[in-house]
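Notes to accompany the following structure.
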Amino acid sequence: MSKRYHFVRYVAPVAFTLAMAVAANQTTMAQQPNQAAPSQPAAAPAAPATAQPAAARVPAQEQPVSAMPAAADQVKPAENPYGLKALWSGGDIVSRITLLILAIMSIGSWYVIVIKVIAQNRVAGAYKEVSRKKFWQQKNLQQSAEVLGSQSAYRYITENGIEAAQHHKGALQDSIDLYSWVSMSLHRALDHVQGRLQSGLAFLGTVGSTAPFVGLFGTVWGIHHALSAISIAGQATLDKVAGPVGEALIMTAIGLATAVPAVLGYNFLVRRNKVVMDQARNFTADVQCVLIGGNPQSKNPATKESDAA
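Quick look at the structure:
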């Protein structure tokens, strides 16, 4: 009884534990084939990989370089949201009218500058033509006038003086001596030439003095838009302020770009007009002396009476 008791007490638990371990091991080995079986069909689609083209199996580093930047060429550069286009499209009617006024002023200033420079060059060229074609070496002033061009300002002055000397006699003109009559005719012709040269200079002066203020008005209007955007948004963020402030700065720049060429062009043309008109006045005085010097009718009535006495 003691041996059986010791066997049941010590050996039986050990045998039972070993039997349970063996049974658990057999159960695990029986479940492993059942779990591995469903995973095999998942590897089946890997077989058609051999049917793919050779170019598909080339690593990414071996792909041609020319095919890669194709997508980069299609990327368009972003437009400037604060340029002139944005100013015109995003501005209100006041901003657009201000911009149009500045554009008209700028175009008109450059037009006047170019036209006046061409006119001054013509008058200066006519003065050189007088010396080149030997104006003073002709037999009379009529022949001298004919050697000049039809559009010459000096021919116009000469012909007016000749016409005044030839048509002096008349009912009302008898009371005016020939000297005064010819002098007035020559000075009228000279004033006409000067008036044509000076036409347009008033526009340049107006643009030069008012364009900065027009640009300043656009600046003030842009700042007004900036303050309005800040008050509506409730906070001074950059996206709310950048557009109107950029509009204001562009208006200021356009106003200065319009005024500076107008002022410089005005001073340049006034200086050249002075030089050209001095040459024309000297020529007019010479023509007057030629017309009056050899004409006995040019003497004043008081001079005639003293000569008769």
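According to mature numbering (1 follows the signal peptide of the UniProt record, and there is no 0), the sequence shown holds residues -23 to -1, 1 to 286 in order.
No residue lacks a Cβ here, since even glycine has one placed at the ideal position from N, Cα and C.
Proximity test, Cβ basis, 8 Å: S129 and chain B: The chain inventory of the structure shown lacks chain B, comprising one protein chain alone.
message: I'd like to check one pair, H201 with V224: are the Cβ atoms closer than 8 Å?
response: It should be pointed out that residue 224 corresponds to Glu in this sequence rather than to Val. Cβ atoms of E224 and H201: not closer than 8 Å.
field: Candidates F245, A234, G185 and D263: closest to Q175 by CA position
entry: Ranked by how close their Cα comes to the Cα of Q175, the residues F245, A234, G185 and D263 have F245 in first place.
- request: Check I153 in the structure and name its three-state DSSP category.
  value: DSSP, read as helix, strand or coil, puts I153 in coil.
query: Which value, in whole angstroms, describes the spacing of the CA atoms of V100 and K111?
result: C-alpha of V100 to C-alpha of K111: approximately 17 Å in a straight line.
field: Test item: CB-CB of L193 and A239 under 8 Å
entry: With respect to A239, L193 sits apart: the two C-beta atoms are not nearer than 8 Å.
Cβ neighbours of Q119 in the same chain (closer than 7 Å, five flanking residues each side left out): Sequence-distant Cβ neighbours of Q119 in its own chain, meaning closer than 7 Å and more than five residues away, are I139.
message: Which of the three DSSP states is assigned to L226 in this structure?
response: In this structure, L226 counts as helix in the three-state DSSP scheme.
query: Would DSSP call H169 helix, strand or coil?
result: Helix, per DSSP.
query: Within the chosen definition, does the region 154 to 167 reach the region 67 to 79 through at least 3 CB pairs nearer than 8 Å?
result: Judged by Cβ distances under 8 Å, the region 154 to 167 makes no contact with the region 67 to 79, as fewer than three pairs qualify.
- prompt: How would you call I70, buried or exposed, if buried means at least 16 neighbouring beta carbons within 10 angstroms?
  reply: With fewer than 16 Cβ atoms within 10 Å of its Cβ, I70 is classed as exposed.
task: Check whether the Cβ atoms of A130 and A257 sit closer than 8 Å, and answer yes or no.
output: Yes, these two residues count as a Cβ contact at 8 Å.
query: Thinking just about the alpha-carbon of each residue, which of Q128, M228 and V247 is nearest to the one in G177?
result: Among Q128, M228 and V247, the Cα nearest to that of G177 is on V247.
query: How should N137 be labelled, buried or exposed, when 16 other C-beta atoms within 10 angstroms of its C-beta is the threshold for buried?
result: Looking at its Cβ environment, which holds 16 or more other Cβ atoms inside 10 Å, N137 is buried.
field: Residues near V159 by beta carbon distance below 8 Å, same chain, minus five either side
entry: Taken in chain order, the residues that qualify are G138, A141, A142, H145, Q265, L268, I269 and S275.
task: Name the two residues that bound the continuous alpha helix (DSSP H) containing L77.
output: Run containing L77: I70 to R109, per the alpha helix (DSSP H) assignment.
field: R249 versus Q97: straight-line alpha-carbon distance, rounded
entry: Looking at the two C-alpha atoms, the distance is approximately 7 Å.
- prompt: CA-CA distance, W198 and S186?
  reply: About 20 Å.
query: Does DSSP put N117 in a helix, a strand or coil?
result: Looking at N117 - three-state DSSP - the assignment turns out to be coil, as it is neither helix nor strand.
field: Three-state class that DSSP yields for L125 in the structure shown
entry: DSSP places L125 in coil when its eight states are reduced to three.
query: For the alpha helix (DSSP H) that G138 lies in, which residues bound it at each end?
result: Segment A130 to Q143, the alpha helix (DSSP H) holding G138.
query: Does the Cβ of S205 have 16 or more other Cβ atoms within 10 Å, making it buried, or fewer, making it exposed?
result: So S205 counts as exposed.
message: Using C-beta distances below 7 Å, list every residue in its chain close to Y243, excluding the 5 sequence neighbours before and after it, in chain order.
response: Around Y243: L178, L181, G182 and G185.
message: Between M254 and Q171, how many whole angstroms is the CB-CB distance? I'm expecting something under 8 Å.
response: Contact flag correct, Cβ pair sits at about 6 Å.
- prompt: Taking R132 as the reference, which of E106, K116 and L226 has the closest Cα?
  reply: For the set E106, K116 and L226, the Cα lying nearest the Cα of R132 is the one of E106.
query: What three-state label does DSSP hand residue 295 in the structure shown?
result: Not covered by the structure: residue 295. The range shown for the chain is -23 to 286.
field: P18 - DSSP class collapsed to helix/strand/coil
entry: The predicted position of P18 is uncertain, since its pLDDT is 46 and thus under 50; a value taken from the coordinates is nonetheless stated next. Three-state DSSP puts P18 in a helix.
task: Go ahead and pull the three-state DSSP assignment for G195.
output: Helix, per DSSP.
query: What's the C-alpha gap between S127 and V91?
result: If you draw a straight line from the Cα of S127 to the Cα of V91, it comes to about 23 Å.
- request: Can you tell me the Cβ-Cβ gap for T261 and I134, rounded? I've got them flagged as a contact below 8 Å.
  value: Going by Cβ atoms, the distance from T261 to I134 rounds to 6 Å, so yes, they are a contact pair.
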